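This report concerns only the one structure given below.
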Amino acid sequence: MIELENVAYSYGGGELLTDMTLSVPPGSFHFLTGPSGSGKTTFLKLCYGALQATSGHVRLFDRDVRGLSRDDVALMRRKIGVVHQDCQFLDHLPVTENVALPLAVSGQDVADNEADLKELMAWVGLTARADAVPPELSGGERQRAALARAVIMSPDVILADEPTGNIDWDMSQRLLMLLVELNRMGKTVLVATHDLGLIRAAKAQVQTRVLRISNRRLQVAGADL
Amino acid sequence: MAKMLQFDEKADRVVPPTGFTARLTVFSAFAMAFLAVFALALSSAAGRVADRWGDELAQSSTLRISAPAGEAATQTEAALRVLRTTPGIEEARALSLDQQRALLSPWFGATLPVEDLPLPQLIDITESDEGYDAAGLRLRLSAEAPAAVLDDHARWRRPLIDAAARLRLLGWASTLLIALATAAMVTLAANAALAANAQVIAVLRLVGAKDTYIASAFVRRFALRALTGAAFGTFFGIASLFLIPAQDDATGFLTDLRLQGWGWVWVMLIPPLSGLVAFIATQYAARRVLGELA
């Protein structure tokens with residue numbers, strides 16, 4: 024589903040990631056951890072085609088990202104739901120429209136998916152906030168809205184970058200439960216986080232594999248996690 | 427292109443509303459359309475003037491007989507005989523003293539004693555449609571009436587027609603420059619809007635929007651703004667033409683800026699053409715900026 028083969032990424036002259044090889048099978052739950060600035064966000068961006076590897080190969084759904092046009096990458100992203108670190112919304116649109124944005128950009132009629140949209144808003148607990156604009160939401164609400172937007176197209180893969188970075192423990196547990204639920208539905212989940220408590224909580228719920236970026240390289244974390 | 431133009435309210439909403447660039451685009455299109463109306467009106471008026479001068483003067487000539495007092499009548503008679511037997515000349519008539527006085531009155535007043543002045547005798551010649559052979563006529567006149575000088579108006583008619591034709595060209599050149607300036611301004615505004623909305627573009631890309639979807643949202647908005655601004659500019663431009671005082675003999679060239687025939691068609695094309703220019707300019711800007719932001 025997501026495969027990296029000897030991938031390296033350089034930024035501003037320095038190599039940020041090097042010799043990364045990984046295969047993420049369908050239905051798996053991965054955590055990616057490492058200190059701040061270690062390259063977790065960059066790694067995720069390589070996984071959804073937002074960045075091109077300096078060397079090596081990134082294959083998404085058996086297709087090498089390097090050979091994809093911008094339109095191909097756009098189509099690929101419809102199969103990958105991304106929960107970004109800073110959420111990234113269109114601040115002038117209500118939450119519902121932001122959540123429905125992937126439907127709109129893929130040419131689907133949002134009205135035809137009204138029921139699913141309402142169900143999704145209820146699933147993430149944002150029914151009462153449907154008409155609010157993103158700047159009016161709390162950190163936890165924004166993360167849940169971002170998750171709702173990431174899954175509305177029923178993607179095969181969910182990538183989450185520090186989804187619990189700005190929210191309290193209770194809210195992060197709630198978000199984790201949503202991710203676990205998605206994984207139980209057969210979705211592949213890859214979460215970048217430095218929140219070890221979150222990883223431990225997830226391990227109690229679902230089988231996970233923990234990866235760590237250390238010294239620019241990808242390692243499988245030890246049993247202490 | 428059809429997809430780009432297709433109205434999609436939901437897609438258009440992804441671009442944040444209004445702002446500086448919106449006002450700039452509407453105002454630019456308004457001002458440019460207003461100026462384009464005048465440029466086209468000027469071009470149209472110059473064209474009419476060129477045609478009129480050409481038509482009016484092309485079929486008339488003047489024969490001037492500057493002979494001593496005793497020979498003037500004889501040479502006038504001889505010249506008239508020559509003229510009346512020249513193919514291509516419909517009519518030739520010697521001007522009376524009253525008619526000569528009328529010609530001079532704008533400069534010397536109506537009471538000028540023309541009979542006391544050594545004025546040359548003028549003969550007004552009206553040509554037929556096929557015209558006459560000026561060189562041949564001059565030769566015959568030099569034999570029959572040596573004091574006669576033929577002025578077929580070509581010497582001063584040509585520069586006038588050339589000037590009017592150049593004015594017409596200037597009007598079209600101005601219209602073209604206005605269209606280019608509109609394109610430049612819309613491109614600048616679209617560039618600014620796209621750069622200011624880099625975050626919006628990032629979000630749209632994150633959720634799988636193709637470049638055509640993103641570009642079309644901006645393109646439609648800018649094309650619509652240009653269309654709206656140009657429609658108002660054209661309306662006010664036309665209204666201003668009607669405010670110019672009606673033409674009279676003294677100010678005819680200056681005030682005859684009314685639109686006629688094809689002039690109306692061209693002016694009515696200003697709003698849709700402005701929209702098209704904005705469409706192309708924004709599409710160009712969007713492609714460039716989206717490529718840079720990739």
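Residue numbers (the working numbering), protein chains in the order written: chain A, 24 to 248; chain B, 427 to 720. Note that CB positions come from ideal geometry on N, CA and C, so glycine has one too. Just so you know, these numbers come straight off a predicted model, no measurement behind them.
Chain-order list of residues whose beta-carbon lies under 7 Å from that of Ile420 (chain B) (same chain, five-residue window excluded): Nothing in the structure corresponds to residue 420 (chain B), since chain B is present only between 427 and 720.
What number of angstroms, rounded off, separates the C-alpha of Leu630 (chain B) from the C-alpha of Phe456 (chain B)? In this model, Leu630 (chain B) and Phe456 (chain B) are separated by some 31 Å (Cα to Cα).
Leu630 (chain B) versus chain A: which residues are under 7 Å apart at the beta carbon? Chain A residues near Leu630 (chain B): Val128.
Pull out every residue of the region 626-653 of chain B whose Cβ sits closer than 9 Å to any Cβ of chain A, in chain order. Listed in sequence order: Val626, Ala628, Val629, Leu630, Arg631, Leu632, Val633, Gly634, Ala635, Lys636, Asp637, Thr638, Tyr639 and Ile640.
For the alpha helix (DSSP H) containing Ala704 (chain B), list its first residue and its last residue. Where Ala704 (chain B) is concerned, the enclosing alpha helix (DSSP H) stretches over Ile696 to Leu719.
What does the Cβ neighbour count give for Val452 (chain B), buried or exposed, with the cut at 16 atoms within 10 Å? Result: buried.
Listing by chain order, which chain B residues have their CB less than 9 Å from the CB of Phe84 (chain A)? Correct list: empty, because the minimum Cβ distance to chain B is about 14 Å.
Does the Cβ of Gln501 (chain B) have 16 or more other Cβ atoms within 10 Å, making it buried, or fewer, making it exposed? Buried, since its Cβ has 16 or more Cβ neighbours within 10 Å.
Output yes if chain B places a C-beta closer than 8 Å to the C-beta of Leu170 (chain A); else output no. No, its Cβ sits nowhere closer than 8 Å to a Cβ of chain B.
So, with DSSP's three-state summary, where would you put Gln108 (chain A)? The three-state reading of DSSP puts Gln108 (chain A) in coil, since its state is none of H, G, I, E or B.
Pull the bridge partners of Tyr32 (chain A) from the DSSP assignment, please. Paired residue(s): A:Leu40.
Cβ separation of Phe668 (chain B) and Ala712 (chain B), assumed to be a contact under 8 Å, to the nearest whole Å: Not quite, the Cβ-Cβ distance comes to about 39 Å (not below 8 Å), so this is no contact.
Would you say Gly659 (chain B) and Ala459 (chain B) are within 8 Å of each other, going by their C-beta atoms? Ala459 (chain B) sits close to Gly659 (chain B), with the two beta carbons spaced by under 8 Å.
Please check the pair Ala467 (chain B) and Gly687 (chain B), which I expect to be a contact at CB under 8 Å, by giving their CB distance rounded to whole angstroms. Their Cβ separation, rounded to whole angstroms, is 12 Å, which puts Ala467 (chain B) and Gly687 (chain B) out of contact at 8 Å.
First and last residue of the alpha helix (DSSP H) that includes Leu576 (chain B)? Counting along the chain, Leu576 (chain B) falls outside any alpha helix (DSSP H), though it belongs to the beta strand (DSSP E) covering Ala574 to Asp577.
With distances taken between CB atoms, is the gap from Arg239 (chain A) to Glu26 (chain A) smaller than 8 Å? No, the Cβ-Cβ distance between Arg239 (chain A) and Glu26 (chain A) is not below 8 Å.
Nearest by alpha-carbon distance to Gly634 (chain B): which of A:Ala76, A:Ala134, A:Leu98 and A:Leu91 is it? Checking every option, the nearest Cα to that of Gly634 (chain B) belongs to A:Leu98.
Can you say whether Asp218 (chain A) is buried or exposed, counting buried as having 16 or more other CB atoms within 10 angstroms of its CB? The residue in question, Asp218 (chain A), is buried, as its Cβ has 16 or more Cβ neighbours within 10 Å.
By Cβ distance, which residues of its chain are closer than 6 Å to Phe52 (chain A), with the 5 residues on each side in sequence left out? Same-chain partners within the cutoff: Asn206, Val212, Val229 and Thr231.
Can we say the region 85-103 of chain A touches the region 178-188 of chain A, given the rule of at least three CB pairs closer than 8 Å? Contact between the region 85-103 of chain A and the region 178-188 of chain A is present: three or more C-beta pairs spanning the two stretches fall below 8 Å.
Measuring CB atoms only, is the region 167-174 of chain A touching the region 188-206 of chain A, in the sense that at least three cross pairs come out at less than 8 Å? Yes, the region 167-174 of chain A touches the region 188-206 of chain A.
Evaluate Asn121 (chain A) with the Cβ neighbour count: other Cβ atoms within 10 Å of its Cβ, from every protein chain shown; 16 or more gives buried, anything less gives exposed. Answer is buried; the Cβ neighbour count reaches 16.
What is the DSSP secondary structure of Ser486 (chain B), reduced to helix, strand or coil? Under the three-state reduction of DSSP output, Ser486 (chain B) falls in the strand class.
Count the other CB atoms, across all protein chains shown, that sit within 10 Å of the CB of Thr216 (chain A); report buried if there are 16 or more and exposed otherwise. Buried: at least 16 other Cβ atoms inside 10 Å.
Report yes or no: do three or more beta-carbon pairs, one from the region 581-599 of chain B and one from the region 551-568 of chain B, lie closer than 8 Å? Between the region 581-599 of chain B and the region 551-568 of chain B, the count of Cβ pairs shorter than 8 Å is below three; the stretches do not touch.
Proximal residues of chain B, C-beta to C-beta of Gln111 (chain A) below 8 Å: Near Gln111 (chain A) (Cβ distances below 8 Å), the residues of chain B are Gln625, Ala628, Val629 and Leu632.
Looking at chain B, is there any beta carbon in it that lies within less than 8 Å of the beta carbon of Glu232 (chain A)? The residue asked about is misnamed: residue 232 (chain A) is Arg in this sequence, not Glu. When Cβ-Cβ separations below 8 Å define contact, Arg232 (chain A) makes no contact with chain B.
Quick one: which unbroken beta strand (DSSP E) runs of 3-plus residues sit fully inside the region 478-547 of chain B? Chain order, please. Unbroken beta strand (DSSP E) stretches of 3 residues or longer found wholly inside the region 478-547 of chain B: 486-491 and 515-520, given in chain order.
Take every Cβ of the region 491-498 of chain B, pair it with every Cβ of the region 604-621 of chain B, and state whether three or more of those distances are shorter than 8 Å. Touching, no.
Out of A:Val214, A:Ala224 and A:Glu28, state which residue places its alpha-carbon closest to the alpha-carbon of Asp193 (chain A). Cα-wise, what sits closest to Asp193 (chain A) is A:Ala224.
Within chain B, partners of Val105 (chain A) - CB distance below 7 Å: Under the 7 Å cutoff, chain B gives Leu632.
When you compare only the Cα positions, how much space is there between Ala504 (chain B) and Glu570 (chain B)? Each residue's Cα considered, the two are about 6 Å apart.
Top-ranked residue by Cα proximity to Val626 (chain B), from A:Asp85, A:Leu124, A:Leu74 and A:Ser59: Of A:Asp85, A:Leu124, A:Leu74 and A:Ser59, the residue nearest in Cα terms is A:Leu124.
Does any CB atom of chain A fall closer than 8 Å to the CB of Val440 (chain B)? Interface residue, yes.
Among A:Asp184, A:Ala73, A:Tyr71 and A:Glu137, which one has its Cα closest to the Cα of Lys63 (chain A)? When A:Asp184, A:Ala73, A:Tyr71 and A:Glu137 are compared, the shortest CA-CA separation from Lys63 (chain A) is found for A:Asp184.
Measure the C-alpha to C-alpha separation of Gly22 (chain A) and Ala704 (chain B) and round it to an integer number of angstroms. Here chain A comprises residues numbered 24 to 248, so residue 22 (chain A) is not present and cannot be evaluated.
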